[in-house]
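Under this note's numbering, the first residue of the sequence shown carries the number 626, and numbering increases by one thereafter.
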Amino acid sequence: MARMKQLAPRGRQLKPRGQSGPAPVRTRDRVDTWRAWYKTAEWRTIRWDVLVDANFTCVRCGLIFESADLVGDHIRPHRGDRDLFFDRTNVQCMCAACHSRDKQREERANAYRDD
Numbered sequence: 626m627a628r629m630k631q632l633a634p635r636g637r638q639l640k641p642r643g644q645s646g647p648a649p650v651r652t653r654d655r656v657d658t659w660r661a662w663y664k665t666a667e668w669r670t671i672r673w674d675v676l677v678d679a680n681f682t683c684v685r686c687g688l689i690f691e692s693a694d695l696v697g698d699h700i701r702p703h704r705g706d707r708d709l710f711f712d713r714t715n716v717q718c719m720c721a722a723c724h725s726r727d728k729q730r731e732e733r734a735n736a737y738r739d740d
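Structure, rendered in structure tokens:
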């Protein structure tokens, strides 16, 4: 019976867990510099105030969620306008499902419409 060849070790190709280094910068983050505004303390405060005022209830479906499942949604798209982005009256409480599904579909449909 023939002997099987030993396979070369492949573990050197993998990076050790937890030592992957800094996260790569996505192309859209380089183009849309306003995305960094979502990481500011000012935005986090506005978002939290909106969630508390709405009693953690989605304005679309009316269900109550934990704060991690809710999004501070801009009523009017800010399109990089800093004043509109941080305008407290322009932010509403919405669950992640409604925001990602319904609201995004509506915004895409209205993106090419002349108002």
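The C-beta atom is built at its ideal place from N, Cα and C for all residues, glycine as well. These numbers come from a predicted model, not from an experiment.
Contact under 8 Å by Cβ, residue i with residue j
i: Q717; j: D698; result: yes
i: W668; j: W659; result: no
i: R713; j: D657; result: no
i: G702; j: E732; result: Here the sequence assigns Pro to residue 702, which means Gly is not the residue at that position. In this structure, E732 lies closer than 8 Å to P702 by Cβ.
Buried versus exposed call for residue i [16 or more other C-beta atoms within 10 Å across all chains shown]
i: C720; result: buried
i: N715; result: buried
i: R672; result: buried
Residue span of the alpha helix (DSSP H) that contains residue i, given as start and end
i: L676; result: 666–678
i: D708; result: 707–710
Bounding residues of the beta strand (DSSP E) (the contiguous stretch that carries residue i)
i: Q729; result: Run containing Q729: none in the beta strand (DSSP E); it sits in the alpha helix (DSSP H), 729–735.
i: D698; result: 695–699
i: V716; result: 716–720
Nearest residue (CA-CA) to residue i, options the options
i: L676; options: K664, P702, Y663, V696; result: V696
i: N680; options: I671, S692, D727; result: S692
#### Entry: Inter-stretch contact at 8 Å, needing at least 3 Cβ pairs: the stretch 705–714 / the stretch 685–694
no
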